[in-house]
Amino acid sequence: MNETQSRLNLCIYDVIDTSSNKHFCDLWKIRPKFKQKEVKYCKWSPPAEGVTLLSTDGSITDYGGFGGVFRDFTNKRVLAFGGKEEPQTITYHEMKAISRGLDITLEHGLSKLIINTDSSLMVQYIKNGVKPPWRCKDLLANIKDKSARLEFFDIVHIYREINGGAHFMASHQIDLGESLLAPNQFPTELNVIRIRDGSGHVYVFFPLI
Numbered sequence: 001m002n003e004t005q006s007r008l009n010l011c012i013y014d015v016i017d018t019s020s021n022k023h024f025c026d027l028w029k030i031r032p033k034f035k036q037k038e039v040k041y042c043k044w045s046p047p048a049e050g051v052t053l054l055s056t057d058g059s060i061t062d063y064g065g066f067g068g069v070f071r072d073f074t075n076k077r078v079l080a081f082g083g084k085e086e087p088q089t090i091t092y093h094e095m096k097a098i099s100r101g102l103d104i105t106l107e108h109g110l111s112k113l114i115i116n117t118d119s120s121l122m123v124q125y126i127k128n129g130v131k132p133p134w135r136c137k138d139l140l141a142n143i144k145d146k147s148a149r150l151e152f153f154d155i156v157h158i159y160r161e162i163n164g165g166a167h168f169m170a171s172h173q174i175d176l177g178e179s180l181l182a183p184n185q186f187p188t189e190l191n192v193i194r195i196r197d198g199s200g201h202v203y204v205f206f207p208l209i
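Following full-length UniProt numbering, the numbering of the sequence shown begins with 1 at its first residue and continues without gaps.
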């Protein structure tokens with residue numbers, strides 16, 4: 001017991017100040033530094049005029065999902081897509097969303113694009129040259145090819161709290177395949193997210209430590 005306590009005291013430095021954490025530390029006679037839970041605030045930011053913002057996300061349960069929402073600076077010229085397919089990995093489906101988003105970007109004649117993703121790995125693979133898993137190589141090749149055809153391209157990591165529209169599209173495709181939705185086809189929940197984002201709603205969350 002004493003050896004275990006010594007190891008825990010060496011390994012545990014900072015602990016969130018909660019009653020359960022205090023009880024655990026008291027039980028094991030651990031003396032960490034308790035700190036208050038951090039609070040973060042964030043809100044959706046529109047792109048500059050003339051630039052399209054694409055929010056993307058992937059999901060995986062019994063099936064894989066991918067989706068995205070296009071918006072301009074007014075938050076009114078919007079388009080959404082979602083797909084459902086056989087499950088691979090979450091990395092694959094997140095990258096599939098970006099790849100399909102770029103296909104749609106070019107199909108609609110858009111030339112300036114910023115992608116928002118809540119996956120920091122996507123930024124590493126696409127922007128920073130980190131090698132992806134082998135099954136994602138073809139997707140990354142398509143992303144590189146399509147993004148190079150644009151007049152302007154960037155990909156930015158965001159908090160998942162402001163990625164609700166893309167998460168909805170990646171998670172709510174009923175049948176296998178893909179759908180493309182104009183604004184008048186948006187489900188109520190997706191429209192609520194769009195309007196809330198555009199109103200400047202501030203999302204409050206507690207990041208994982």
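Even for Gly, the Cβ is constructed at its ideal location relative to N, Cα and C.
Whole-angstrom C-beta distance between residue j and residue i, which should lie under 8 Å
{"i": "residue 63", "j": "residue 94", "result": "Actually they are not in contact, since the Cβ atoms of residue 63 and residue 94 sit about 15 Å apart, beyond 8 Å."}
{"i": "residue 140", "j": "residue 125", "result": "6 Å"}
Nearest residue (CA-CA) to residue i, options the options
{"i": "residue 200", "options": "30, 24, 45 and 81", "result": "45"}
{"i": "residue 192", "options": "107, 124, 164 and 131", "result": "164"}
{"i": "residue 111", "options": "53, 88, 197 and 41", "result": "53"}
{"i": "residue 47", "options": "147, 77 and 19", "result": "77"}
{"i": "residue 41", "options": "180, 176, 127 and 159", "result": "159"}
{"i": "residue 176", "options": "189, 51 and 87", "result": "87"}
{"i": "residue 131", "options": "27, 109 and 91", "result": "91"}
{"i": "residue 108", "options": "173, 189, 180 and 174", "result": "180"}
Contacting residues, own chain, Cβ-Cβ under 7 Å from residue i (five flanking each side not counted)
{"i": "residue 39", "result": "204 and 206"}
{"i": "residue 138", "result": "none"}
{"i": "residue 122", "result": "94, 95, 98 and 155"}
{"i": "residue 127", "result": "155"}
{"i": "residue 119", "result": "94"}
{"i": "residue 136", "result": "91, 92 and 95"}
Cβ-based neighbour list, residue i, same chain, cut-off 6 Å, excluding 5 preceding and 5 following
{"i": "residue 49", "result": "73"}
{"i": "residue 105", "result": "113"}
{"i": "residue 89", "result": "none"}
{"i": "residue 198", "result": "75"}
{"i": "residue 242", "result": "Residue 242 falls outside the range modelled here, since the chain spans only 1 to 209, and no answer is possible."}
{"i": "residue 187", "result": "none"}
Cβ-based neighbour list, residue i, same chain, cut-off 8 Å, excluding 5 preceding and 5 following
{"i": "residue 100", "result": "66, 68, 81, 83 and 178"}
{"i": "residue 43", "result": "162, 197, 200, 201, 202 and 203"}
{"i": "residue 146", "result": "99, 102, 103, 105 and 106"}
{"i": "residue 143", "result": "95, 98, 99, 102 and 126"}
{"i": "residue 1", "result": "Per-residue confidence for residue 1 stands at a pLDDT of 48, beneath the threshold of 50, marking its modelled position as unreliable; the derived number appears in the next sentence. Excluding residues within five positions, none has a Cβ falling inside 8 Å."}
{"i": "residue 134", "result": "none"}
{"i": "residue 173", "result": "65, 67, 82, 83, 84 and 179"}
{"i": "residue 149", "result": "106"}
Cβ-heavy atom distance, residue i to the ligand NAP, below 7 Å
{"i": "residue 132", "result": "In the structure shown, the ligand NAP is absent, as is every other ligand, since no ligand is present at all."}
Worksheet item: Using 8 Å as the Cβ pair cut-off and three pairs as the minimum, do the stretch 99-118 and the stretch 150-163 touch?
Response: With a cut-off of 8 Å, the stretch 150-163 and the stretch 99-118 count as touching, because enough Cβ pairs lie within range.
Discussion item. Can you confirm whether the stretch 62-80 touches the stretch 162-174 when touching is taken to mean that 3 or more C-beta pairs between the two stretches lie within less than 8 Å?
Written reply: Short answer: they touch.
Discussion item. Assess contact between the stretch 90-104 and the stretch 48-63, defined as three or more Cβ pairs (one per stretch) separated by less than 8 Å. Is contact present?
Written reply: Verdict: yes, contact present.
Fill in: Runs of alpha helix (DSSP H) lying entirely within the UniProt domain "RNase H type-1" (61-172), each at least 4 residues, in chain order
Listed in chain order, the complete alpha helix (DSSP H) runs (minimum 4 residues) inside the UniProt domain "RNase H type-1" (61-172) are 90-107, 120-126, 137-148 and 164-171.
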